[in-house]
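Q:
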Amino acid sequence: MSLLRRNRKRLHVHRYHTSSLTITIVLERRGYVVNSAKRCVALILAGGEGTRLGALTAEQAKPAVSFGGSYRIIDFTLNNCSRSEIKRAGVLTQYKPKTLHDHLNARQPSGLSIDCLQANQSPYKGTADAVFKNLSYLEEQRPTHVLILSGDHIYHMNYQEMLHFHIQKGAEVTVASIQVPLEEAYRYGILSVDTNNAITSFIEKPAKPISNMASMGIYLFNWKTLKQCLSYDSTLAHSNHDFGKNIIPTLLSKHSKLFAFLFNQYWRDVGTIQSYWQAQMEWALSSQSLGHHSINVPAALETVTGKIELSHSVVSPTSTIAESSKIDQSVILPGVTIGRNVYLKKAIVAENTHIPDNFAFPPGEEIMLITQAMVDAYQDHSTYSTTQQLYHS
1 MSLLRRNRKR
11 LHVHRYHTSS
21 LTITIVLERR
31 GYVVNSAKRC
41 VALILAGGEG
51 TRLGALTAEQ
61 AKPAVSFGGS
71 YRIIDFTLNN
81 CSRSEIKRAG
91 VLTQYKPKTL
101 HDHLNARQPS
111 GLSIDCLQAN
121 QSPYKGTADA
131 VFKNLSYLEE
141 QRPTHVLILS
151 GDHIYHMNYQ
161 EMLHFHIQKG
171 AEVTVASIQV
181 PLEEAYRYGI
191 LSVDTNNAIT
201 SFIEKPAKPI
211 SNMASMGIYL
221 FNWKTLKQCL
231 SYDSTLAHSN
241 HDFGKNIIPT
251 LLSKHSKLFA
261 FLFNQYWRDV
271 GTIQSYWQAQ
281 MEWALSSQSL
291 GHHSINVPAA
301 LETVTGKIEL
311 SHSVVSPTST
321 IAESSKIDQS
331 VILPGVTIGR
341 NVYLKKAIVA
351 ENTHIPDNFA
361 FPPGEEIMLI
371 TQAMVDAYQD
381 HSTYSTTQQL
391 YHS
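The opening position of the sequence shown corresponds to residue 1 in the UniProt record's numbering, with each subsequent residue numbered one higher.
(1) Out of Gly90, Ser275, Ala347, Glu309, state which residue places its alpha-carbon closest to the alpha-carbon of Ser150.
(2) Rounding to the nearest angstrom, what Cα-Cα distance links Ile44 and Asn341 in this structure?
(3) Assuming His145 contacts Leu220 under a Cβ cut-off of 8 Å, what Cβ separation, rounded to an integer in Å, is found between them?
(4) Do the segment 248–259 and the segment 169–186 make contact, defined as three or more Cβ pairs closer than 8 Å?
(5) Would you call Thr200 buried or exposed, if buried means 16 or more other Cβ atoms sit within 10 Å of its Cβ?
(6) Could you check whether Trp267 and Ile178 sit closer than 7 Å to each other, using their CB atoms as the reference points?
(7) Return the Cβ separation of Ala350 and Ala55 in integer angstroms, given the expectation that the two are a contact with Cβ distance under 8 Å.
(8) Select from His153, Leu251, Leu369, Ala42 the residue whose C-alpha is nearest the C-alpha of Ser330.
(9) Using a Cβ-Cβ cutoff of less than 7 Å, which residues in the same chain neighbour Asn240 once the five nearest sequence positions on both sides are dropped?
(10) Alpha helix (DSSP H) containing Glu351: first to last residue?
(11) Can you tell which of Val131, Lys62, Gln278, Lys208 has its C-alpha closest to the C-alpha of His312?
(12) Determine contact between the segment 92–99 and the segment 47–54, defined as no fewer than three beta-carbon pairs at a distance below 8 Å.
(13) By how many angstroms is the C-alpha of Thr225 removed from the C-alpha of Ser234?
(14) CB-CB under 6 Å to Gln280, same chain, minus the five flanking residues each way: which ones, in chain order?
(15) Out of Leu333, Gln121, Ile273, Ala347, which has the shortest C-alpha to C-alpha gap to Thr51?
(16) How is Lys254 classed by DSSP in three states: helix, strand or coil?
(17) So, are the CB atoms of Val375 and Ile348 less than 7 Å apart?
(18) Would Asp269 pass as a contact of Ala128 if the rule is Cβ separation under 7 Å?
(19) With respect to the alpha helix (DSSP H) encompassing Val131, which residues constitute its N-terminal and C-terminal limits?
(20) Give the straight-line distance between the Cα atoms of Gly217 and Lys62, rounded to the nearest whole angstrom.
(21) Does the beta-carbon distance from Tyr186 to Ala214 come in below 7 Å?
(22) Tell me, please, which residues DSSP counts as bridged to Trp267.
Printed below as a string of structure tokens:
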């Protein structure tokens, strides 16, 4: 009872009397969850190469790729941490980290301390190995919970809701999940749950999925559970040292308390050129689905400014477009200069690319990623079309 007395001022206490005993039930209120959030440390996996994004990740990691005109992909995860009142996040970097490090040093969300944790020795063998090799960092923070996050997804989420669910369920691990089209389920870790949302099965990227409930790559661990399972996994020579392939299935086999937190709002994995472009178009269309208010982004560029025609496009404020150009359903990344009388449709223009006057790529069904090397090659071989030809085709 001494512990209960010490905590009565911050907890609601309800008593139910029987003839023989008094049962005390302590209910957590929101303030308790906030305190837990302050002792919850986030680790953000941000070392991915993102090879399917082609030239966009040739010189930088996937989380550092520009998004929404003024931001980078990792900003969504960082902002989620800030809004969830998580006070400290370690960002685990590996592949070409300079751009990401520079961005993190220059721009930190309010109330969030960020530590860049670069892989200095041997490369990480997997997502679980990356966290295992940073257990000493976690030890220094003395957390009660550890939130494992991906730095390359586009979404708006309050992690406190997940933390509250985790505590309420008495979980050892909680996996954030979302329903995806069944025909795309093979791309994700797929889980099944019972009526209490306890996870009953988990298969990483199954060839024939039997469920469309997908892991979002977001894991909330009790600190003790995380330390024990990663230490054990590190001793297994046959392990891929991956959360989806090894850690979660192993915990399930040991009958640990694993639960699924169902997320039903906007979430996109922008791992391909097509999905990256699509998310940018959704950004331009809707300020509600992505929670734009949360990072104070300016209104999407869907207006005609002078003699420049912009339609359903996202343009970085550090890029310039000369008069008489038409930009339709396209993404213009930072540092781009576009000359006069240029026509672009369904294109992504890579950072620091210069497109000369009267330049136009023939529009097609596929999204076109335009780089400086591509522009130079087209100019050298005189194979690009003129804007006038495209307008009248």
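We put the CB at the ideal spot given by N, CA and C, even for glycine. Predicted, not measured: the structure shown is a model, and the values here were computed from it.
A: Taking the geometry as given:
(1) Residue 150 sits at position 150 when you count from the first residue of the sequence shown. Comparing Cα-Cα distances from Ser150 to each of Gly90, Ser275, Ala347, Glu309, the minimum goes to Gly90.
(2) For the purposes of this step, residue 44 is identified with residue 44 of the sequence shown, where counting begins at 1. For the purposes of this step, residue 341 is identified with residue 341 of the sequence shown, where counting begins at 1. Rounded to whole angstroms, the separation of the alpha carbons of Asn341 and Ile44 is 43 Å.
(3) As a position in the sequence shown, residue 145 is number 145, starting the count at 1. As a position in the sequence shown, residue 220 is number 220, starting the count at 1. Indeed they touch by this definition, with Cβ atoms about 6 Å apart.
(4) yes
(5) By 1-based counting over the sequence shown, the position of residue 200 is 200. Looking at its Cβ environment, which holds fewer than 16 other Cβ atoms inside 10 Å, Thr200 is exposed.
(6) By 1-based counting over the sequence shown, the position of residue 178 is 178. By 1-based counting over the sequence shown, the position of residue 267 is 267. Taking 7 Å as the Cβ cut-off, Ile178 and Trp267 qualify as a contacting pair.
(7) By 1-based counting over the sequence shown, the position of residue 350 is 350. By 1-based counting over the sequence shown, the position of residue 55 is 55. With a Cβ gap of about 5 Å, Ala350 and Ala55 count as contacting.
(8) Locating residue 330 in the sequence shown gives position 330, counting from the first residue. The option with the nearest alpha carbon to Ser330 is Leu369.
(9) On the sequence shown, position 240 is the one that residue 240 refers to. Within the same chain, Asn240 has close Cβ partners Gly126, Asn246.
(10) Position 351 of the sequence shown, counting from 1, holds the residue named residue 351. It is not in any alpha helix (DSSP H) - Glu351 carries neither H nor E in the DSSP assignment.
(11) Here residue 312 is taken as the residue at index 312 of the sequence shown, counted from 1. When each option's Cα is compared against that of His312, the closest is Gln278.
(12) With a cut-off of 8 Å, the segment 47–54 and the segment 92–99 count as touching, because enough Cβ pairs lie within range.
(13) Sequence index remark: in the sequence shown, residue 234 carries index 234 (1-based). Sequence index remark: in the sequence shown, residue 225 carries index 225 (1-based). Straight-line Cα distance between these residues: approximately 14 Å.
(14) As a working note, residue 280 is residue 280 in the sequence shown. If we look at Gln280 and ignore the five residues flanking it on each side, its Cβ neighbours are Val314, Val331.
(15) Position 51 of the sequence shown, counting from 1, holds the residue named residue 51. Of Leu333, Gln121, Ile273, Ala347, the residue nearest in Cα terms is Ile273.
(16) Your numbering for residue 254 matches position 254 in the sequence shown. Coil.
(17) The residue labelled residue 375 in the question sits at position 375 within the sequence shown. The residue labelled residue 348 in the question sits at position 348 within the sequence shown. No; because the gap between Cβ atoms is not below 7 Å, this pair is not in contact.
(18) Stepping through the sequence shown from its first residue, residue 269 is reached at position 269. Stepping through the sequence shown from its first residue, residue 128 is reached at position 128. One thing to note: Asp269 has its Cβ no nearer than 7 Å to the Cβ of Ala128.
(19) Start at 1 with the first residue of the sequence shown, and residue 131 comes out as number 131. Unbroken alpha helix (DSSP H) run through Val131: 127–132.
(20) Walking along the sequence shown from the start, residue 217 turns up at place 217. Walking along the sequence shown from the start, residue 62 turns up at place 62. Approximately 15 Å between the Cα atoms of the pair.
(21) One-based indexing of the sequence shown puts residue 186 at position 186. One-based indexing of the sequence shown puts residue 214 at position 214. Contact flag unset, no.
(22) Here residue 267 refers to the residue found at position 267 when the sequence shown is read from its first residue. According to DSSP, which records beta bridges pairwise, Trp267 is partnered with Tyr155.
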